[in-house]
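Residues in the sequence shown are numbered from -2 upward in steps of one, following this note's numbering. For every residue, glycine included, the Cβ atom is placed at its ideal position computed from N, Cα and C. Notes for the one structure printed next.
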Amino acid sequence: MTPNPIQYNFGPRSVATGNFDNDNWPDIAVANYIADNIGIYFGNGGGTMGSPVMYSTGVLLGYGNGSFSNQVTYSVGSLPSSIAVGDFNNDNRLDIVVANTMDNTVSVLLGHGNGSFANQTTYSTSYHSYSLAVGDFNNDTQLDIVATHCLWDGTVSVLLGYGNGSFANQVKYLAGAVPCSVAVGDFNNDIRSDIVVTNRDNNTITVLFLYDRGAVSNENTFAPSDGARLRSIAVYDFNNDDQLDIAVANYGTNSIGVVLGHGNGTFENQMMFSSGLNSHPQSITFGDFNNDSQVDIACIRTAPIVVAYDDTDNLDVLVAFDTGSFANPTTYSTASYPKSVAVGDFNNDKWLDIVVGNCEDDTVGILLGYGNGSFATQIRYSTGSCPFSIAVGDFNNDNRLDIVVVNAKDDTLSVLLGYGNGSFANQTQYSTDFSPASVAVGDFNNDNSLDIIVVNYLDVIGTVRLGYGNGSFANPMTYSAGSYAKSVAVGDFNNDTQLDIVVANSGSDNLSVLLGYGNGSFANSVTYSTGSSPSSTAVGDFNNDDQLDIVVSNSEDNTVSVLLGYGNGSFANQTTYLTGSSPKPVVVGDFNNDKRLDILIVNSIWDGSVGVLLGYGNGSFANQVTYSVGSLPLSVAVGDFNNDNRLDIVVANSEDNTVSVLLGYHNEAFEKQMTLITGNRSRPSSFAIADFNNDNQTDIAVVNSGTDKMGIFLGYGNYSFTNQATFLTGSIPNSITVGDFNKDAIVDIVVVNRGDDSVGIFLGWGVLLGYGNGSFANQVTYSVGSLPLSVAVGDFNNDNRLDIVVANSEDNTVSVLLGYHNEAFEKQMTLITGNRSRPSSFAIADFNNDNQTDIAVVNSGTDKMGIFLGYGNYSFTNQVTFLTGSIPNSITVGDFNKDAIVDIVVVNRGDDSVGIFLGWGNGSFSGQKTFTTGFNSQPCAVAVGDFNNDSLLDIIVVNYATNNVGVLFGHGNGSFAGVKIFSTGYGSFPFTVAIGDFNNDERLDFAVANEGTDNLKIFLQTC
C-alpha cells in the first residue's frame, strides 16, 4: 500500500521534477493542457507541496529562487507533444528536441548557453511523432533521439546523432501495438542504452535491446496487467539493487505499476499502487520529495512517484516502498503451442536456462534461470515454420551454447548461434527431408566438432549433418530406418568409443539401432520390437552393468519398454511397464539420489501429468508416481534449476501455452494416501479440522451442499478415518468453521447455509453444539444477510466468548453476531463493504497491534480487500480497501517474513493468481505481490502452514479448474519458492482445503474437498 495521496487540483497532462529554488528539495513542474500554462509546485521537504505559481508556456529562465523570467517562444512544428533536452553538439550547452505530432517531424533547437536557442532544424519521422527520449544508442558518445508514433504501424524511429547538432535519417524498428510513451535505460547491464515503450493497444511494455551500431538486437515484451491502458513510463532503480526498474501510469486501472528489473533484460511481475478511483494517471516522474534520503539508504530506500491525472484534474504524490521481490511461480507463459523443450546455460552464469519451441508462433523462447528454480520471462527468436524438436550444443567451438531446432512445416533445420550472454544470432537454415520430427547432436566423425542427426516422420531417419566446428554443417547423409520415425537418441552401444544411433519407429512398432563407424557413417539398421506406436526414446544404464540400455514410450498401449543392452550393440527383448494416457516424451535421470537411474514419462492426452518410475538398479522399475502439470504436455527435460543437487523437471504444455517447472525435493513431497467418500452428488464445499470426540486425534467435518448435510469423519490417528456420520443442515451449506460457543471445552461447529428457503433471501445459518463424543445437537438457526458465503469466529467485544462474522455476498455486507452466556447469538451490527462489492471470504486477526480483533474481507465484485479495525467494544472503523487481483474469493493470514507482524494472502480467481500483502503493523499493508497459479486454474481457496518442517510458513492454494493444489514454500523473508503441484484427479474440481496432522507424525498434512468426485483426499507429508 502507499500513503494517502497529497492532491493539488489543476488540469495537468505532463509532469517533471527539478530543484527550481536551490533549496535542495525537489520541486514539480506540471504542464496544464487546458489552461495553456505551467504550474510550479515548490517542495517543502516533507512530501507536500505549496500552492502553484503559474507561467505561460515557452522557455522560462530560472532565477534560482523559484521564480522565472517571462517566456520566450520559439517556432517548432505543428502540434508539439513531447520535449526532451540534451547536449547534441558537444558544446556543453543544453539543446532542445521537440516531437511535432501533426507534421510528422522532430525539431532540434541548439542552445547558445545564455537561455536563447537557434531556429529549429526539423527531421522527418514519417508518422505522427508523439513521445521522445534521448540516449547514446550506438556507443559513439554522441546523443541520439528516439521517437514514438502512437499509431498502428507499431514502430519507433531512431535518429543517430553526429555530435555536431545534426542527425542521420530515421531508422524504424518494430516495438509493439501502438507504442506511445518512451524512456531510455540500460536494462541488461551491457553498457548500451536500451529503449522501453508502452504499447497502448495491447497493454504491454516492450524493451528494445541495442547493438553498438544503434540497431535493435532483441526485444522483450511483457504485459503488466489486463486493461491497464498504459500511458507514461519512467525508469529508475526503485529497490536499490543497482538494477534499473520501470514505473508506468496505468490509465485504465487507476494505478501506478512498478516492474522491478533483474539486470539481465527481464523483469518481475508488476506491483500496483492505487492512484484513486477514476483518477486515470497520465504522466509520471520521480524524486525524493520528503527529504528522507538518509532513511532510504539505511533502510528500505523509497522512490517517490509523482503522478499527473487528466480526469480528476489533480496531482498526487505517492511513495512506493521497496519490500523485496518474489521468485517467479512454477508455470511460465510461452508463445502459442509449445512443442519441445531443452535446457542449457545460455548466458554463462552457471545457472540452467530453458529453451522452448513454440510451434504456432514459429519461434523459440529463452527463459533465463536465476539459479533458485525460477526463471525470467521468455525472450523469443524466429525459426522456421513450427519448431518441433530442439537440441543444444556448441556448434562453432566458441565455448558458448548454441541451439538447433527442426521445423516440421517447412522441412528445415535452424541453427541459432549463442553469444554467451543469453542472446542469440538470427537463425541459419538448412533443408531436411519431409516432415522432420526429432533432432539430436553428437560427434559422429571424431573431429571434435558437433554433428546433427534429424529423424523424419516418413520412413527415413533422414539426415546426418557433419559439423565443421564453425557453426556450419555439411550436406546431409540419409539412412533408412523403420516406418514413421518419431524420435532419435545417441550412445555407444557396442563399446567401440564410436557413437551409435537408436530410432523409435511409430509406424512399424520397433526400434532401429544403427552402429557408427566413427567417420560419420553408419551400418545398416537392426530392429527390435517395442509396444504399439513407439514415440520417444532415451538411453541409460538401468542395471548398473556399465552397458547402455534403451527405454522407449509406446503411446497407443500406454506403456514404456526397457531393452537391456549386452554391450556388443545388441539388446534383450523388451520389458514393459504401465504409464498414463498416451505417453510420449521420455527422459532418464536419478530423481531420488539413490545412484540408480529412473524414468520420467509425459502422459500427454487426458492425464496432463508426468510419471516417474523409480529404478531398482537391476533393470526393473517401480510403478509410476504421477504429478499434475499443464494441459496437453508434449515435451520434457531435466536439470538442477535451484542448485540443490537434485534433478528438477521442466515440461512444455501445448494447450495452455505454458511450461511447468517441478522442483525435486526430499522433504517437500506429499503422498496421496486415502480418499474419503462423502456420498453420491454430495458436492462437498467446505470443511474444518478439529478433535470432535476428545481422543486427541484429528477429525474432519465437511458440509455437503448437494445433500444439505454435514459429514463427520473421526480420525484414528494413523491416517485412517471412520465412515462419514451425517447431520442435517439448512439448504445448500457452503462454509463451515469451529469454536467453543458455550464454553464447555467441547468443540462446536458453525455452518453457513446459502439456499435455505425457510427464510427467503435472508438465508439462515446454524450452530451445532458438540457433545464431545463426535455427535452434535440439532442446529439452531439465526438470520443473517443475503447469500452468505463465508464464516469465521473471534472475540470481537473482549468478553471471552466467541462471536461469529459472516460475509453476505448479495447485499454487500458482513454480519457480526455476538455470543452470550446462554449459547445464543444476537445480530448486533452490519458492516458495509460497498456497492456491488460481493464479499466472499474473510479472516480474523489483530492487524494494528492494539490487542483488538480486526476483520479482513475480500470483495469479489470490486476486486478489493477491505480492512475493518476493531475497537474492542464490538464496533469497527469504516472499511479501508486495498486493490487485489480479479475476483478475489479466499483469504487467510500468517507472518510470511518473520517480522512478528500479520501478513495476508488472497487468491484471485479471475486472473489465476495469489496475492501477498505484507503487513506494516499499523493496519496498513504493502501493495499486492502476485504469483500465477496457472492458466485458467481458477484458484478458489487458500491455507497456510509449515509443510516442509523448516519453521517457515508456506502457502497452499486449491485450483478448481485444473484439478490440483499448489504449495508455495516460504523462505521466511516474504518470498517463496516456485509452486509444487499435487493432482487431485481428473474431473475432481477441488473446492476447499484444510490442514492438520492426520497421522500423528508431527508433520502437517492437508485434506482437499472435491466437488466433482464427491470425496475428500488426504495428502500426507512423507518426510
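Between the alpha carbons of residue 568 and residue 544 lies a distance of about 10 Å. Boundaries of the beta strand (DSSP E) harbouring residue 991: 987 to 993, taken from the DSSP string. The beta-carbon separation of residue 466 and residue 446, rounded to 3 Å, stays under the 8 Å limit for a contact. Inside the segment 165 to 192, DSSP marks no whole alpha helix (DSSP H) run of 4 or more residues. For residue 338, the enclosing beta strand (DSSP E) starts and ends at 335 to 341.
Buried is the label assigned to residue 268, since at least 16 other Cβ atoms lie within 10 Å of its Cβ. By the Cβ neighbour-count rule, residue 563 is exposed, with fewer than 16 other Cβ atoms within 10 Å of its own. Setting aside the 5 residues that flank it on each side, residue 881 is surrounded in the same chain by 855, 860, 861, 862, 903, 905, 912 and 925, each with a C-beta closer than 7 Å to its C-beta; the list follows chain order.
Nearest to residue 982 by C-alpha distance, out of 1007, 620 and 573, is 1007. Between residue 917 and the set 942, 894 and 927, the nearest pair of CA atoms involves 894. Here residue 109 is exposed, its C-beta having fewer than 16 other C-beta atoms within 10 Å. For residue 592, no pairing in a beta bridge is given by DSSP. For residue 944, no pairing in a beta bridge is given by DSSP. By the neighbour-count criterion, in which a residue is buried when 16 or more other Cβ atoms sit within 10 angstroms of its Cβ, residue 637 is buried. In the three-state DSSP reduction, residue 859 falls in the coil class, being neither helix nor strand.
Annotation for residue 202: the continuous beta strand (DSSP E) segment containing it runs 201 to 207. Within the model, the alpha-carbon separation for residue 886 versus residue 850 is close to 22 Å. Residue 696 and residue 868 have their alpha carbons spaced roughly 35 Å apart. Beta-bridge partners assigned by DSSP to residue 1002: 993.
Rounded to whole angstroms, the gap between the alpha carbons of residue 679 and residue 388 is 50 Å.
A direct Cα-to-Cα measurement between residue 486 and residue 499 gives close to 5 Å. With a contact defined as Cβ atoms closer than 8 Å, residue 171 and residue 164 miss out at about 21 Å. Non-local C-beta neighbours of residue 80 in its own chain, meaning closer than 6 Å and more than five positions away in sequence, comprise 95, ordered along the chain. Around the beta carbon of residue 333, fewer than 16 other beta carbons sit within 10 angstroms, so the residue counts as exposed.
Relative to the Cα of residue 541, the nearest Cα in the group 205, 615 and 573 belongs to 615. Taking the CA atoms as reference points, residue 624 sits about 20 Å from residue 351. Where residue 1018 is concerned, the enclosing beta strand (DSSP E) starts and stops at 1012 to 1018. In this structure residue 86 is buried. Its beta-carbon is surrounded by 16 or more other beta-carbon atoms within 10 angstroms. The alpha-carbon of residue 962 is positioned some 22 Å away from that of residue 687. The continuous stretches of beta strand (DSSP E) do not include residue 563, and DSSP gives it neither H nor E. Inter-residue distance for residue 617 and residue 536 is about 15 Å (C-alpha atoms, whole angstroms). Of 421, 979 and 115, the smallest CA-CA separation from residue 1003 is found for 979. Distance from the CA of residue 231 to the CA of residue 179, rounded to the nearest whole angstrom, comes to 8 Å.
Taking a C-beta distance under 8 Å as the contact criterion, residue 347 and residue 382 do not qualify as a contact pair. Distance from the CA atom of residue 946 to the CA atom of residue 844, rounded to whole angstroms, is 26 Å. The three-state secondary structure of residue 426, taken from DSSP, is strand.
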